[in-house]
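Here is the structure we will look at.
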Amino acid sequence: MTVQFSTLVIIICVGLATYGTRLAGYWLLRNVTITGRTKAALDAVPPAILTAVIAPAVFLQGPIEMIAGAITLASALLRLPLLVTILAGVGCVAGLRFMM
Amino acid sequence: MKLSREFRDGFSDIAPMAIAYGPIAALWGTVAASKGLSPLETVLMSLGIYSGTAQFVAMDLWHMGLPLAYLVFTLATVGLRHVLMSASVSRHMASFSKPMASLLLFWLTDEAWAMIERRALSKPVTPAYFFGVAAPLWPVWFGFSLLGALIGQAFGDSKAIGLDFAFAAMFIAVLAGFWKGPRTGAILAASAVAAVAAKLWIGGAWYILAGGVAGMLVAVMLYKDVAA
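The listed protein sequences derive, respectively, from chains A and V. Under the numbering used here, the first sequence is numbered contiguously, ending at residue 259. Under the numbering used here, the second sequence is numbered contiguously, ending at residue 341.
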């Protein structure tokens, strides 16, 4: 149970940098009234980031993840509860990996 | 008790994700131990950095004996997507006090952010809801990091039961709620293409930022079309 000084410095520096990125957007936009194009750009952030995070996991791994992605999307569009949708995706991946 | 109701809503909304955090954190702890980090260093890193992406990238870089500045800079670029997330989520936090918002934003992980954006589609977001979402994730994250560091080899393969796909599945489910017609489709397509291209040709974690910025650009271009 030891902590090396250099590791502690890294944890503190990276931790502060990461916390900084989490605060930055809030502090930059807190007192700004957002309209027009800026609002359109910010409205696009949630769907665009959500898509970007999953795109490699769904499109670059192989057919199993693409099929599971399609089934998850279908469950979501059918308005199934969140947990059911997640289980459908996870179950599909597990089942296909078991079979292939 | 309206406040505790809000907390419970957040807690139960994120509970499935909290369960999925366990194996991921344990895997990270196992990797960290294999790189020579002590269990205490492992748990401190999960407590203080609290970002799966940054921590996995950090372990990729660990063995190379990199200069500190390079490591911090690289991991800060990995975290740049948080700036967009925090900007976007700040619009639902207008009623939060500044210290409260600043405290809660420490726990703004990808999954917590996605859940809060989802909540904002139907109801105002309260500090209690945000805290309810954050509360179960962090302890699971650092707790299972420690467990992975101590007894990682015993965990087996979480891929076999598809748990690595849980995050993608949750994001797809949340994503469906943002659909507002063909313009959303254009934003999603731009983001997906940019993210895949960046992953293939740039590497690292730039793909998230690339997709986010591409989606925003398309939204701005389409906005001009509408206004004209």
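Glycine included, every Cβ here is placed at the ideal spot set by N, Cα and C.
Determine, for V:Gly316, whether the minimum Cβ-Cβ distance to residues of chain A falls below 8 Å. In the second sequence, the residue the question calls residue 316 of chain V occupies position 203. For V:Gly316, the answer is no, since every Cβ of chain A falls outside 8 Å of its Cβ.
Can you tell me whether V:Ile315 is buried or exposed? The criterion is at least 16 other CB atoms within 10 Å of its CB, across all chains shown. Counted from its first residue, the second sequence places residue 315 of chain V at position 202. Only exposed fits V:Ile315, as fewer than 16 other CB atoms lie within 10 angstroms of its CB.
Suppose contacts are defined by Cβ-Cβ distances below 8 Å. Is V:Val202 in contact with V:Glu230 by that definition? Numbered from 1 along the second sequence, position 89 holds the residue referred to as residue 202 of chain V. Numbered from 1 along the second sequence, position 117 holds the residue referred to as residue 230 of chain V. The answer is yes: Cβ separation under 8 Å.
Expressed to the nearest angstrom, what Euclidean distance is found between the alpha-carbon atoms of V:Gly204 and A:Met258? In the second sequence, the residue the question calls residue 204 of chain V occupies position 91. In the first sequence, the residue the question calls residue 258 of chain A occupies position 99. First, the amino acid is wrong: residue 204 of chain V is Arg here, not Gly. Answer to the nearest angstrom: the Cα atoms are 46 Å apart.
Under 7 Å Cβ-Cβ, which residues of chain A neighbour V:Pro136? Along the second sequence, read from residue 1 onward, the residue named residue 136 of chain V stands at position 23. The contacting residues do not exist; V:Pro136 stays about 11 Å from chain A at best.
Would V:Gly142 be called buried (16 or more neighbouring beta carbons within 10 Å of its own) or exposed? Here residue 142 of chain V is taken as the residue at index 29 of the second sequence, counted from 1. Buried, because 16 or more other Cβ atoms sit within 10 Å of the Cβ of V:Gly142.
Selection of the stretch 272 to 299 of chain V by Cβ proximity to chain A, strictly under 7 Å: Ala273, Ile274, Gly275, Leu276, Phe278, Ala279, Ala281, Ala282, Met283, Phe284, Ile285, Ala286, Val287, Leu288, Ala289, Phe291, Thr297
Output yes or no for whether 8 Å exceeds the beta carbon distance between A:Gly184 and V:Met198. Residue 184 of chain A sits at position 25 when you count from the first residue of the first sequence. Residue 198 of chain V sits at position 85 when you count from the first residue of the second sequence. Yes, they are a contact pair.
For the stretch 190 to 207 of chain A, list every residue whose C-beta sits within 8 Å of some C-beta in chain V, in sequence order. Ile193, Gly195, Arg196, Ala199, Ala200, Leu201, Asp202, Ala203, Val204, Pro205, Pro206, Ala207
Is the CB of V:Tyr336 under 8 Å away from at least one CB in chain A? In the second sequence, counting from the first residue as 1, residue 336 of chain V sits at position 223. True, the Cβ-Cβ gap to chain A drops below 8 Å.
Thinking C-beta only, is V:Leu217 closer than 8 Å to V:Phe255? Numbered from 1 along the second sequence, position 142 holds the residue referred to as residue 255 of chain V. Numbered from 1 along the second sequence, position 104 holds the residue referred to as residue 217 of chain V. Cβ distance not < 8 Å, so V:Phe255 and V:Leu217 don't count as in contact.
With a 10 Å radius around its C-beta and 16 neighbouring C-beta atoms as the bar for buried, classify V:Gly298 as buried or exposed. As a working mapping, residue 298 of chain V is identified with position 185 in the second sequence. The residue is exposed, with fewer than 16 neighbouring Cβ atoms inside 10 Å.
May I ask you to check if the CB of A:Ala214 is nearer than 7 Å to at least one heavy atom of the ligand FAD? Looking for the ligand FAD in the displayed structure turns up nothing, as the structure carries no ligands at all.
According to DSSP, is V:Trp220 part of a helix, a strand, or is it coil? As a first step, residue 220 of chain V must be located in the second sequence, where it is residue number 107. V:Trp220: coil per DSSP, three-state reduction.
Residue environment, V:Tyr183, which counts as buried when at least 16 other CB atoms sit within 10 Å: Counted from its first residue, the second sequence places residue 183 of chain V at position 70. Exposed, because fewer than 16 other Cβ atoms sit within 10 Å of the Cβ of V:Tyr183.
Just to make sure I have the definition right: I need the residues of chain A whose C-beta is within less than 7 Å of the C-beta of V:Asp223. Which are they? Locating residue 223 of chain V in the second sequence gives position 110, where the first residue counts as 1. The contacting residues are Val212.
In the structure shown, what three-state DSSP assignment does V:Leu322 receive? Translated into positions along the second sequence, residue 322 of chain V becomes position 209. Here V:Leu322 sits in helix by DSSP.
For V:Ala214, which residues in the same chain have their Cβ closer than 6 Å to its Cβ, ignoring the five residues on either side in sequence? Here residue 214 of chain V refers to the residue found at position 101 of the second sequence. Closer than 6 Å at Cβ, skipping near neighbours: Met206.
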